[in-house]
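Residue numbers (our numbering): 56 to 406. Worksheet: one structure, shown below.
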Ligand SMILES: Nc1ncnc2c1ncn2[C@@H]1O[C@H](COP(=O)(O)OP(=O)(O)OP(=O)(O)O)[C@@H](O)[C@H]1O
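This is the structure:
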């Protein structure tokens, strides 16, 4: 029997948080998604441990109500830090960004502006690196428009058998996790700052990534909280900036590069996407958005231009159809453009 949102909320109202107030009343149930007999939500808490019994109780009660699958993700905020110890001679504690265990490198794929093809580039790059024999992970941190599940043809709910570690999904040799797998496709998620940070931190540290040569992070466009949090929490080995050739996209790309520079993240290079339009019927080439803008910007900023990817119907159909062009038409000229970037990243020692 299908469950309704109301059924689920009524059930959760019977479960008390450690404060004695029920989970719903306490405002702990966030991003609730009820899909037939599958229930998912985020529990926004400061520290997960005291809430484990309530979580287990909620899982059992929802299962008894008829939920076939229950996924409760806890967003753990950082623990309150003790006051600084100002005594002289005290050894400094390690602080700042850390390496993820088992993950050799983390590369962020970023853009200043939305819709320039950042996720398409990230998906193709991940598949191209996997095709070169690299162990590749993809963390889709584009919280406002997660598209990696669609692009990498992945669906289903990530499971967490022990309630602690989340098992990522896998396709085309890419191990992936996306915030989009925790939320409903057609439901707009309103992320509050701390909740967003918690979810990102959880995807970094509570997902069982396994041993990876490279973890690619698909960032949301712009220069916001997710970029900052990522750079603070994880040791980023570099960022790739995707831009279209128009001035407006380049202006935003420049802001993105400036932000990474301020955070001390090396810029691996820029990629001009939708560089030139190649007609899929006659092969005629046209510079719809201008051409060469990213090349001259990269020269000005002293960063490498990694590729100029054409605007081609096949790239869109492949990405939107769940099998990036690198996988669906690996020998096409369009796929070659991505494969060349992957090879040069490997050569540069970046992946
Ligand atoms: N080179 C290309 N040729 C044809 N279509 C492309 C190309 N690059 C991207 N697209 C298409 O453009 C659309 C937007 O791409 P994508 O979702 O990758 O952009 P984005 O920069 O990640 O956007 P956002 O960050 O706003 O989600 C998609 O439909 C994608 O298939």
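Backbone N, C-alpha and C define an ideal beta-carbon position, used for all residues, glycine too.
Counting only residues of its own chain and dropping the five nearest sequence neighbours on each side, residue 202 has a CB closer than 6 Å to the CB of 174. Only buried fits residue 390, as 16 or more other CB atoms lie within 10 angstroms of its CB.
Here residue 232 is not near residue 198, since their CB atoms are 8 Å or more apart.
Here residue 328 is bridged, per DSSP, to 364. With the rule of 3 Cβ pairs closer than 8 Å, the segment 364–374 counts as touching the segment 330–337. Annotation for residue 91: 57 place their beta carbon closer than 7 Å to its own, counting only its chain and skipping 5 residues before and after. Exposed is the label assigned to residue 306, since fewer than 16 other Cβ atoms lie within 10 Å of its Cβ.
By the criterion of a C-beta distance shorter than 6 Å, residue 294 is surrounded in its chain by 163, 165, 315, 320, 322, once the five residues flanking it on both sides are discounted.
Contact annotation: the segment 266–286 touches the segment 184–197, with at least three C-beta pairs closer than 8 Å.
Annotation: the continuous alpha helix (DSSP H) that includes residue 348 extends over 348–356.
Around the beta carbon of residue 210, fewer than 16 other beta carbons lie within 10 angstroms, which makes this residue exposed. Between ligand 1 and the CB of residue 371, the shortest heavy atom gap is smaller than 7 Å. Exposure of residue 357 is indicated by the presence of fewer than 16 other C-beta atoms within 10 angstroms of its C-beta. If you look at residue 190, you'll find it isn't in any beta strand (DSSP E); DSSP assigns it neither H nor E. In this structure, 329 is the residue among 351, 350, 349, 329 with its C-alpha nearest to the C-alpha of residue 341. Taking non-hydrogen atoms of ligand 1 into account, the C-beta of residue 173 is found less than 7 Å away from one of them. When C-alpha distances from residue 112 are compared across 68, 87, 100, the shortest belongs to 68.
For residue 285, the enclosing alpha helix (DSSP H) starts and ends at 280–288. Checking the 7 Å criterion, the Cβ of residue 204 is out of range of every heavy atom belonging to ligand 1.
Bounds of the beta strand (DSSP E) holding residue 225 are 224–226. Using a 10 angstroms sphere on the CB of residue 286, the tally of other CB atoms reaches 16 or more, which defines it as buried. Approximately 29 Å separates the beta-carbon atoms of residue 349 and residue 267; this is outside 8 Å, ruling out the contact.
If you draw a straight line from the Cα of residue 361 to the Cα of residue 259, it comes to about 27 Å.
Distances taken from the Cβ of residue 293 to the heavy atoms of ligand 1 include none shorter than 7 Å.
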